[in-house]
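**Q** Following this message is one structure expressed as structure tokens.
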Amino acid sequence: MRALLARGRARGFVTSDELATLALDENLSDRELDAIQRLLRRAGIGCVQLTPGRSSGAVADPSLPTVDPVRLYLNQIGRVDLLTAEEEVDLAKRAAAGRAATALLDSMLDVPPARRAELRRIERGGERSTRRMVEANLRLVVSIAKRYVGRGMLFPDLVQEGNLGLIRAVEKFDHTRGYKFSTYATWWIRQMISRGIADQSRLIRVPVHLVEVMNKVARVERELVQKLGREPTADEIAVATGLPPDRLEELGRLDVDPASLDAPIGEEDGGSFGDMIEDVNAVVPLDAAAYLLLQQHLASILDELSARERLVIESRFGLRDGTMRTLEEVGAAVGLTRERIRQIESKALAKLRHPSYAEILSDFLVED
Numbered sequence: 002m003r004a005l006l007a008r009g010r011a012r013g014f015v016t017s018d019e020l021a022t023l024a025l026d027e028n029l030s031d032r033e034l035d036a037i038q039r040l041l042r043r044a045g046i047g048c049v050q051l052t053p054g055r056s057s058g059a060v061a062d063p064s065l066p067t068v069d070p071v072r073l074y075l076n077q078i079g080r081v082d083l084l085t086a087e088e089e090v091d092l093a094k095r096a097a098a099g100r101a102a103t104a105l106l107d108s109m110l111d112v113p114p115a116r117r118a119e120l121r122r123i124e125r126g127g128e129r130s131t132r133r134m135v136e137a138n139l140r141l142v143v144s145i146a147k148r149y150v151g152r153g154m155l156f157p158d159l160v161q162e163g164n165l166g167l168i169r170a171v172e173k174f175d176h177t178r179g180y181k182f183s184t185y186a187t188w189w190i191r192q193m194i195s196r197g198i199a200d201q202s203r204l205i206r207v208p209v210h211l212v213e214v215m216n217k218v219a220r221v222e223r224e225l226v227q228k229l230g231r232e233p234t235a236d237e238i239a240v241a242t243g244l245p246p247d248r249l250e251e252l253g254r255l256d257v258d259p260a261s262l263d264a265p266i267g268e269e270d271g272g273s274f275g276d277m278i279e280d281v282n283a284v285v286p287l288d289a290a291a292y293l294l295l296q297q298h299l300a301s302i303l304d305e306l307s308a309r310e311r312l313v314i315e316s317r318f319g320l321r322d323g324t325m326r327t328l329e330e331v332g333a334a335v336g337l338t339r340e341r342i343r344q345i346e347s348k349a350l351a352k353l354r355h356p357s358y359a360e361i362l363s364d365f366l367v368e369d
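Plus 1 on top of the position in the sequence shown (first one is 1) and you've got this note's numbering.
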């Protein structure tokens, strides 16, 4: 129990597998296990489920090497010593000097060899200091990331986003301000985790600033439920958040999970949600048959024209590709003048106006 408490204080949490192992080794009852969990909570130590899908009764043998990558990672960062205040300041100075050396090397074209070697040495020292600061604060990322479990991202992904924030914090940290690095890094870690959740937890991405507003509205709504003992009205939420009702309605439309088109409807007919949505691009079978029949009749009528007349009519009225062309365009294509194309068109149309052809096509006319 003492070893578990020590690990929890060092990491900020214990795993559910560790609690299960303790219960098995000490033969604890459910009541005793609940008491231990309450003790951990009072000490500010949370419990994280790191291996979803494993049954509660399956407890890994602690004597065997683990293959859980998350646990391996936690064991690895748990072996890194924390920094003292003096070490933190010293490493921050070296990291800042390394960044300054890198900037000089990038900006100076002609650097004497001795000066370049000195700057390279300072640069490498800064990189080592940056890496040391990051490694010593990885447990801080874990302790913050566990508070965001259950918000749409897996725990390892939360830690990864938090680590990016930690690296950014090391790069931006100014030790001359006098505050602790952990205080400064916490803001960056939370910022990156929140941004990661906003970017990755939704099928349709919502901008980060809108996610923050939506989270604020949800938090205020929960507080009003506790205060009023009922679901608050839209006007009450608007007053509490300072947002107009129409803005709240817009945010509510954004905070809706997409529905799958394959989602079943009912249990008997086996239909899906997609079956209920109209396909505006679908062709009506009756219309398709009528269009095919019209094409066949037009082809038979155009066969009565000469080859040149048919080409002119098809080009002018777009009967081949749906593109209607001018007299000049048709003339350029066949090597004739605009006037000659007009004459051919007039002659062909006169033939097509024969009453027998009109009778064939009359059934396809649509009255407005």
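Every residue gets a Cβ at the ideal spot worked out from N, C-alpha and C, and that includes glycine.
1) On the DSSP bridge assignment, give the partners of residue 99 in chain order.
2) Classify residue 281 as buried or exposed, calling it buried when 16 or more other Cβ atoms lie within 10 Å of its own Cβ.
3) Kindly identify the DSSP beta-bridge partner or partners of residue 273.
4) Once DSSP output is grouped into helix, strand and coil, what is the label at residue 355?
5) Only counting the same chain, and skipping five residues up and downstream in sequence, which positions put a Cβ closer than 6 angstroms to that of residue 361?
6) One question on the structure: do residue 131 and residue 75 come within less than 9 angstroms of each other, judged by their Cβ atoms?
7) If contacts are defined as beta-carbon pairs under 8 angstroms, then residue 84 and residue 137 qualify, I think. What distance do you get, rounded to the angstrom?
8) What separation, rounded to the nearest whole angstrom, lies between the Cα atoms of residue 58 and residue 237?
9) Between which residues of its own chain and residue 321 is the CB-CB distance below 6 angstroms, once the five residues before and five after are set aside?
10) If residue 242 and residue 221 are in contact, beta carbons under 8 angstroms, what's the gap, nearest whole angstrom?
11) Taking only runs that begin and end inside the stretch 120 to 195, name each unbroken alpha helix (DSSP H) of 4 or more residues, in chain order.
12) Where do the N-terminal and C-terminal ends of the alpha helix (DSSP H) with residue 290 fall, by residue?
13) Pick helix, strand or coil for residue 370, following the three-state DSSP scheme.
14) Tell me which same chain residues have a C-beta within less than 7 angstroms of the C-beta of residue 200, skipping the five on either side of it?
**A** With the structure as the only source:
1) Here residue 99 refers to the residue found at position 98 when the sequence shown is read from its first residue. None; residue 99 has no bridge partner.
2) Along the sequence shown, one-based indexing puts residue 281 at 280. The residue in question, residue 281, is exposed, as its Cβ has fewer than 16 Cβ neighbours within 10 Å.
3) By one-based count along the sequence shown, residue 273 stands at place 272. BP columns for residue 273 point to 265.
4) Position 354 of the sequence shown, counted from the first residue, corresponds to residue 355. Coil, per DSSP.
5) Here residue 361 corresponds to residue number 360 of the sequence shown, with the count starting at 1. Excluding residues within five positions, the ones whose Cβ falls inside 6 angstroms are 298.
6) Here residue 131 refers to the residue found at position 130 of the sequence shown. Here residue 75 refers to the residue found at position 74 of the sequence shown. Result no, Cβ atoms of residue 131 and residue 75 do not sit closer than 9 angstroms.
7) On the sequence shown, position 83 is the one that residue 84 refers to. On the sequence shown, position 136 is the one that residue 137 refers to. Rounded, the Cβ-Cβ distance is 5 angstroms, consistent with contact.
8) Sequence index remark: in the sequence shown, residue 58 carries index 57 (1-based). Sequence index remark: in the sequence shown, residue 237 carries index 236 (1-based). Any reading at residue 58 needs caution, since the residue's pLDDT is 38, under 50, leaving its predicted position unreliable; the model's value is listed next. Taking the straight line from one Cα to the other gives about 47 angstroms.
9) Sequence index remark: in the sequence shown, residue 321 carries index 320 (1-based). Contacts found: 315.
10) Residue 242 sits at position 241 when you count from the first residue of the sequence shown. Residue 221 sits at position 220 when you count from the first residue of the sequence shown. Contact flag correct, Cβ pair sits at about 5 angstroms.
11) 139 to 146, 156 to 173
12) Position 289 of the sequence shown, counting from 1, holds the residue named residue 290. From DSSP, the alpha helix (DSSP H) with residue 290 extends over 286 to 303.
13) This structure cannot speak to residue 370, because the chain is shown only from 2 to 369.
14) If you number the sequence shown from 1, residue 200 lands on position 199. Excluding sequence neighbours, residue 200 sits near 206.
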